[in-house]
Structure formats: structure tokens, C-alpha cells
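Going down the list, the sequences are from chains A and B. All residue numbers for the first sequence refer to my numbering, where the first residue is 42 and numbers rise by one. All residue numbers for the second sequence refer to my numbering, where the first residue is 3 and numbers rise by one. First comes the structure, then the notes that go with it.
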Amino acid sequence: MWALDQPCAPRAGRLFADTPLALLAVLALGAATTWALVELGVLAPHAMHVAGVTAGHGALLATAFAWARVRSGSGVVVVALLGLAASLAALGGFGAFAYLGPPLWVAWLARRGRLAGLGLGAPVSLRSVLTGAVAGAFLSSHLLVSASRTLGVHVRLDHMPEVLAAVGYDVGANVLAAECFFRGALFNRAQRRWSFTVAATLATTSYVVRYLVDPLLPKSIELLVGAVFYLALLGAINCWLLWWSESLVPGLLSALVFFAAYRTLGSG
Amino acid sequence: MAAALAAVTALIALDGAGPASLFRHAYLVPVVVAALRFGAPGGALAAGAAVLLSAPFVLPEIERSGLTPDAAEGLVTFAVLGIVGTLSGALRTRVGRHRRRYETLVALQRALADEATLDVALTRLRAALAGRLGFDDLVLVARDGARLVVAGGDRVVPGSLVARVLDSGIPELVWDAGRDVRSRRAFAAPLVAGGQAIGVLAVERKGEIPAEERAALEALGAHVGLALENARLASRQRLFAAELAEKVKAARQELEELDRAKSTFVAIASHELRTPLTALQGFSELLALRRLPPEEVSRLAGIMRREAKRLGRIVSDLLDLSRIERGLDPALCRIPLAVEPAIVATVDLFRQGTASHPIAITCEPSLPHVDADPDALERILTNLLSNAIKYSPLGSVVRVGGRALGGAVAIEVADAGRGIPAEALGRIFEPYYRAPDAAGTTHGTGIGLAVVKALVEAHGGAVRVESAPVIGTRVTVILPAFHGPVP
């Protein structure tokens, strides 16, 4: 028993210890430079999107890796893969398939046991996976029904290439980075210092704020309220899923199902 | 529960009455059932799910027409569901917690009901608590003097959580005990008795140990501490009672033995007194009734004198014994006394009376005088010589001697008799005691050596006995020498 036969460790270090500040600085600098070059007309406007995806999601993933004590090279690799995927996706066509790069890299690291600190790599039960899928499905169906009844938007299947590209973005960048950082890293660290409620509140609030400052989110008040409502629910559910199943996979699945449903919505 | 919620939602949708549908009240059924079944989390979750499911009926109404009476009813339904689910769940959780607490206390009392050592009691307690408290691991540690008794582990590592709480007496929570994804909490509460930490109750769980549960564990620690202390006191009391009973039994046996010895003594003393009395009576009658030649009269008078002296000695011994038993020292009149003449005089008396044993006297030259009562010294020597003659074979030599010993004089009387058994050696100075092998073969009251010891100690001296089977017995009396000028 730990309380009996292990020396009582000193209080855990700072919440943001091990953050790869140098890499984050480089990413910020890159994004700022790109923005400046786009403003000057040197680069095409979609370069800003590529830089934003690379810097934003790359920062989240690289920080999550660093907090999980994965070698810094892995963070650089995932940033590079994100940049490549965003660039290829911007070209259109099958470029979005490049978003499979980051999850494959994450899967490879997890298989080698390097992401155990994020809740990836350990076997996960079918029950946990199904619970994650059901949670995502419940939230998605609620979103679809509510959205169609209140905002006048509904499921549209006439823009499948765009939907698939968006789902690819979610798989390779949006959901992967958010779950790895806000649940696998931030919530995981916070729950070692405070109660579940405090940790889940911190992680979920940060998660919601991250989407509120996302330039890709439409800025109408109805959509913002809806985003806060559903993202808060999704964040809290995913915190509980990680806590309950001790794996990030159910949370990843529920978020993927939810975002896939969200991508199918359209007006007209 | 999920199916029930879905069914109610379907009924509301089919009803077409929107947020004012009467079916909305049916949400209360699964919410209350979930609250009663799963407590606060179940009630809150079910209420949340019900609100989520009914929201698509209420919110569009508000968006379309503002806060209409129907929409208001829907909002009230939200509130009612939330309040009912949360409150009934919280009450259910609290009731369950109280029930578990009382059950735990009863189990605790049962575990300590029997007489048991601290190790066994702790193991039983742990078994009783482990199944009820719902933790992954539980350990109980209690102080037993300098030793720590551990139930649920091997030993307490210095610096561990248990060791810290044992030292400080303050409960402590560790948020992250281990490396699991779901954080493992460890909590240790002191076992308190008499205001001091007599041990520690430590628990571990993958997951939360809420503040209310920690408070309950602290209270349980106080209960366990008190129960352990009570068990310890009860055990000590039982031990004390057993010891007392043993002592009472021993004292009773001693009294019974003393009573038996006194009865035996009365019988023996009567016999011992009767013998010289009979002789005196017989010879005096003979002298009174017959006319005897002078030589015969002289012989009979000598016998009567010896028997009278013997009678006098027995009576003196009895008087001394009586004083000893009343806690008084024998009355002494101490003067400077030459040892060798006193020995010679006593030996002469024995030589006149019996020629059965040759008596050899060996005294150091210029032996110092002793500070003693002459009559007491004569009785000491008489008793010792009488015993030596009584318990040694006919014809064997009895040796009497005196020698200087520091500031004292040692007088030794040695015989070549059968010796005193080792088991009897420690008791020969007790009044009325006679060694088992002596009791059936020789006459005696069993008070001679007791009187010798009392007389010697009244002089500030000491007496010791050395005896070996077949070789014989030597009694040494040490009396203080007289240091002043001899008159």
C-alpha cells in the first residue's frame, strides 16, 4: 500500500511545468510572420489558415507531448505533420487525407508506450469505447434536433466533399489536439492537484475559451451560446470519460462523433 | 432509465402540445427512480438528461413567441426536475451514508467484542472495515508500546504518509498517490484516544475521497481509537482479575497450610510437653512413695533436673515464638560474653545427658567476646546441638567451633547426618515447618530453628545453613563481637 510503504512525495510541481516555451515561441513567431506576409500580399490568404492550424493545434499537441514527458522531437514532428496536412488540405481534392498523418504519428507513439501519461496506449475496454460513442451520439442527436428547431439549420448531405474535409481536419487536428491537451494533459494534471470537479471545470472552461477565440467559429450570438452549451457539455462528459475509463479513446470518439454531426449541419 | 426518458420524450413529441404537454410530468418518474437508486449523482444526471431532452420543446417556443405561459411551464418543469432530482438524490446519498456509518460502528464493536491481542483485534477491525468503506486498500496501524502493529501491511516506512500522521496526529490527504491515469487518492486519519494519536487509519482509492467522507473517516478514527483503548483496558482488567484470583488462591493455600501446621504443632507440642511432664510426675511419685538409697535418689534427681530443663526450654521457645508471631523481638539482656566457655558449658550438658554422639569443640585462640544475651546464646547452641544429634547417626561426631569473622564471631555446628533435602532448605526457618523426611522419624516441634533465627537476628547477626545429602549439615551463626573493654 502506497501510504504505508512509499515515502510521501513532496507536493507536485507547477501546473504548467515542462511547457515547451521555445517551440511555442517559434510557432507564435511563424504565425505572426505569416500574418504579416499575408497582410503585405506576399503570401496568399489561405497561408494564414495553414499557419493558424499549424501553430494553434501544433502548440496544443506539442505541449501535451511535453507534459507527458515525450521527447521534444516528437512534438516537432507532429507540428511538421500538421503544417504539411494543412498545406495539402488547402490545395483541395484528396489533400485532406494528409490529416491522417498526425493521428498516425500519435498512434505510433502510443503503441510504443510513450503517451501513457495522456491516457493513450493502454488497452481500452469495448464498454468504454461504446460509452464514448453513445455519449457523442446523444450529444450529436440533441444538437441536430435543437439546431433544426431553433436556428433553422439542418442536416445537409449535398456538400459531402466539404464535410469529409472538415471531418478530416477534426480527426487530424481539431479533436486530436483538443482532447490530447485539454483532457489528456490539462485535466490529467489538474486532477492530481485538486478534486475532479475543480479539474473538470478548469479543463472544460479552457476548452470552451479555446473555441470562443477560434477565428473559424461563426460569431453570431445564437451560435456562440450554442457552442458554449454543447462544448461545455462535451468537455465535462469527456473529462468524466477519461476519469472513468482511464483512457483518452472514449473521449476522442465522443468528440469525433459530435463534430462529425456538427459538420453535417447547414442552412438552406 | 435512459429508455424511460426517451419514451417520455417520444410521448411529448407525439402529443404535439409542445412545452405544456402533460406528459412532461412523467419525467419525474425516471428522475426520482435514478435518485433513489444511485443517489445524488444519479438524480442530478437523470434530471440533466430530462432537461436536455425536453429543451428542444421549450427553447424553440421561447425563440418563436417569447416567454409564453406554455414556455414558462416548460421552464418551471426544468426547475422542478433539477430540484427534485438533486434534492432526492442528495437525501438518498445522505441516508445511505448514515446507514453505512452506523453499520460500520456496529461491525467495529462486534470485531472488538471478544478478548483478543492487539494484533488480532486490528486484523479483525480491518476485515470488518475493508468490506464496508468501499476503498481499494485500507490499513490500520496502532502503537503497542515501542512496537507498531500493522494490519494490512508489513511495516511502516519512515517518511510515509502513515508515519507522518502517526507523528503529527493530524489527518492528511494526498491527491496523487501513484502513476495511474485516474489519480489515486490516499487519506490517513489518526486513531485518537485520550487526546493522543495511538494509531492511524489509512485508505486509498482510485478516485475522489470527498471532504464529507474524509470527515466521516476522521470520526471513525476517533471511534476506532476509543474502541481499541477500551479493548486494551478491558484486557488489562481481565488480566488483573486473573492475577488477583491467583494471589487469593495462593494466600488461601498458604493459610490452609499454616492452619494444618499449627494443628500438627499443637499435637506435637502436647506430646513434647507431656514426655518430660510424665517423667517428672513418675520420678517425683517414686521419690515420694519409696525409700530409696542415696545413689538412686541422686540419679533420679538428675533425670528430673534434665527433664525440667527440657520442659523449660520448650516453654521458652514457645514464648519466643509467640513474640515473633506478634512481630516483637525476643527480650534480650546483652553483655560481653566469652564464646568458648559458653560452648563448653552447653556441650557439657549434652555430654552428661547422652553419650551417643562424641562432640568435638574447635575454637580459635583469643576469640573475641560477643555482645549477646547468655541465656539466648545457650538456647541457640542447645537447639543447634540438639538438631545435630537428632539427625545424625549414632556414633558420628558432632563438631562445634568458633572463629573470628571480621568484626563478628562465627559459631559453627556441623554433623555428619543425612542432610536436608534441597527443596526443604529454604523453609527450615519457618515456624512449624519440618522437613518431610524428618517429620515421620524424629521428635520435634518444628519451632527450634525459627527461634534460633529470631534470636540471632535480634542480636543483629545472621544464620546460614549448608547441607549436602549423606555428607551432613553445617549451621553457622554469626554474632557481633563486643568491641569495648571487657569488665
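Built from N, CA and C at the ideal position, the CB exists for glycine as well.
Any idea if residue i is buried or exposed, counting beta-carbon neighbours within 10 angstroms, 16 or more meaning buried?
{"i": "residue 149 of chain A", "result": "exposed"}
{"i": "residue 472 of chain B", "result": "exposed"}
{"i": "residue 59 of chain B", "result": "buried"}
{"i": "residue 155 of chain A", "result": "buried"}
{"i": "residue 375 of chain B", "result": "buried"}
{"i": "residue 232 of chain B", "result": "exposed"}
{"i": "residue 273 of chain B", "result": "exposed"}
{"i": "residue 207 of chain B", "result": "buried"}
{"i": "residue 27 of chain B", "result": "exposed"}
{"i": "residue 105 of chain B", "result": "exposed"}
{"i": "residue 91 of chain B", "result": "buried"}
{"i": "residue 102 of chain A", "result": "buried"}
{"i": "residue 433 of chain B", "result": "buried"}
{"i": "residue 252 of chain B", "result": "exposed"}
{"i": "residue 455 of chain B", "result": "buried"}
{"i": "residue 14 of chain B", "result": "buried"}
Between which two residues does the beta strand (DSSP E) holding residue i run?
{"i": "residue 400 of chain B", "result": "400-407"}
{"i": "residue 140 of chain B", "result": "139-146"}
{"i": "residue 412 of chain B", "result": "410-416"}
With distances taken from CA atoms, which of the options is nearest residue i?
{"i": "residue 324 of chain B", "options": "B:29, B:34, B:452, B:464", "result": "B:452"}
{"i": "residue 288 of chain A", "options": "A:273, A:104, A:172, A:87", "result": "A:172"}
{"i": "residue 347 of chain B", "options": "B:358, B:363, B:221", "result": "B:363"}
{"i": "residue 304 of chain B", "options": "B:278, B:326, B:320, B:318", "result": "B:278"}
{"i": "residue 470 of chain B", "options": "B:422, B:204, B:205", "result": "B:422"}
{"i": "residue 58 of chain A", "options": "A:46, A:108, A:82, A:83", "result": "A:108"}
{"i": "residue 164 of chain A", "options": "A:303, A:301, A:291", "result": "A:291"}
{"i": "residue 393 of chain B", "options": "B:36, B:415, B:382, B:411", "result": "B:415"}
{"i": "residue 187 of chain A", "options": "A:298, A:264, A:65", "result": "A:264"}
{"i": "residue 8 of chain B", "options": "A:179, A:214, A:93", "result": "A:179"}
{"i": "residue 210 of chain B", "options": "B:334, B:475, B:176", "result": "B:176"}
{"i": "residue 187 of chain B", "options": "A:221, A:212, A:233", "result": "A:233"}
{"i": "residue 271 of chain A", "options": "A:184, A:45, A:170", "result": "A:184"}
{"i": "residue 122 of chain A", "options": "A:244, A:152, A:91, A:66", "result": "A:91"}
{"i": "residue 298 of chain B", "options": "B:310, B:285, B:308, B:309", "result": "B:285"}
{"i": "residue 56 of chain B", "options": "B:19, B:67, B:39, B:225", "result": "B:19"}
{"i": "residue 194 of chain B", "options": "B:212, B:220, B:180", "result": "B:220"}
{"i": "residue 262 of chain A", "options": "A:131, A:197, A:191", "result": "A:191"}
Could you tell me the distance, in whole angstroms, from the CA atom of residue i to the CA atom of residue j?
{"i": "residue 405 of chain B", "j": "residue 367 of chain B", "result": "9 Å"}
{"i": "residue 202 of chain A", "j": "residue 208 of chain A", "result": "10 Å"}
{"i": "residue 265 of chain B", "j": "residue 250 of chain B", "result": "22 Å"}
{"i": "residue 369 of chain B", "j": "residue 465 of chain B", "result": "19 Å"}
{"i": "residue 243 of chain B", "j": "residue 236 of chain A", "result": "53 Å"}
{"i": "residue 229 of chain A", "j": "residue 146 of chain B", "result": "41 Å"}
{"i": "residue 245 of chain B", "j": "residue 254 of chain B", "result": "14 Å"}
{"i": "residue 263 of chain B", "j": "residue 418 of chain B", "result": "28 Å"}
{"i": "residue 77 of chain B", "j": "residue 10 of chain B", "result": "17 Å"}
{"i": "residue 328 of chain B", "j": "residue 396 of chain B", "result": "39 Å"}
{"i": "residue 115 of chain B", "j": "residue 166 of chain B", "result": "30 Å"}
{"i": "residue 47 of chain B", "j": "residue 98 of chain B", "result": "18 Å"}
{"i": "residue 100 of chain A", "j": "residue 299 of chain A", "result": "23 Å"}
{"i": "residue 179 of chain B", "j": "residue 44 of chain A", "result": "8 Å"}
{"i": "residue 494 of chain B", "j": "residue 37 of chain B", "result": "It is not possible to answer for residue 494 of chain B, since the shown part of chain B is limited to 3 through 489."}
{"i": "residue 378 of chain B", "j": "residue 281 of chain B", "result": "26 Å"}
Looking at the unbroken alpha helix (DSSP H) that takes in residue i, where does it start and where does it end?
{"i": "residue 430 of chain B", "result": "It is not in any alpha helix (DSSP H) - residue 430 of chain B carries neither H nor E in the DSSP assignment."}
{"i": "residue 61 of chain A", "result": "Where residue 61 of chain A is concerned, there is no enclosing alpha helix (DSSP H), given that its DSSP letter is neither H nor E."}
{"i": "residue 211 of chain A", "result": "Per DSSP, residue 211 of chain A belongs to no alpha helix (DSSP H) and is neither H nor E."}
{"i": "residue 104 of chain A", "result": "87-108"}
{"i": "residue 459 of chain B", "result": "450-460"}
{"i": "residue 280 of chain A", "result": "262-286"}
{"i": "residue 298 of chain A", "result": "290-305"}
{"i": "residue 117 of chain A", "result": "113-131"}
{"i": "residue 483 of chain B", "result": "Segment: none, residue 483 of chain B is in no alpha helix (DSSP H) and carries neither H nor E."}
{"i": "residue 380 of chain B", "result": "376-392"}
{"i": "residue 88 of chain B", "result": "71-113"}
{"i": "residue 469 of chain B", "result": "It is not in any alpha helix (DSSP H) - residue 469 of chain B instead sits in the beta strand (DSSP E) that spans 464-470."}
Could you tell me if the beta carbon of residue i falls within a distance shorter than 7 Å of some heavy atom in the ligand MN?
{"i": "residue 185 of chain B", "result": "Only the bare structure without any ligand can be found here, which leaves the ligand MN out of the picture."}
Original post:
At which residue ranges does the region 148-210 of chain B contain complete alpha helix (DSSP H) runs of 4 or more residues, listed in the order of the chain?
Top reply: Fully enclosed alpha helix (DSSP H) runs of 4 or longer: 163-170.
Subject >> Within the region 209-243 of chain B, ranges of the beta strand (DSSP E) (whole runs, at least 3 residues) >> reply: Whole beta strand (DSSP E) segments, 3+ residues: zero.
Original post:
Counting only runs that start and end within the region 174-248 of chain A, where is the alpha helix (DSSP H) found for 4 or more residues in a row?
Top reply: Here the runs fully enclosed are 201-210, 216-219.
Subject >> Uninterrupted alpha helix (DSSP H) stretches inside the region 141-178 of chain A (no shorter than 4 residues) >> reply: Qualifying alpha helix (DSSP H) stretches, in chain order: 142-152.
**OP:** Could you tell me which uninterrupted beta strand (DSSP E) segments, each at least 3 residues in length, are contained entirely in the region 317-376 of chain B, listed from first to last along the chain?
**Re:** Fully enclosed beta strand (DSSP E) runs of 3 or longer: 337-339, 361-365, 372-374.
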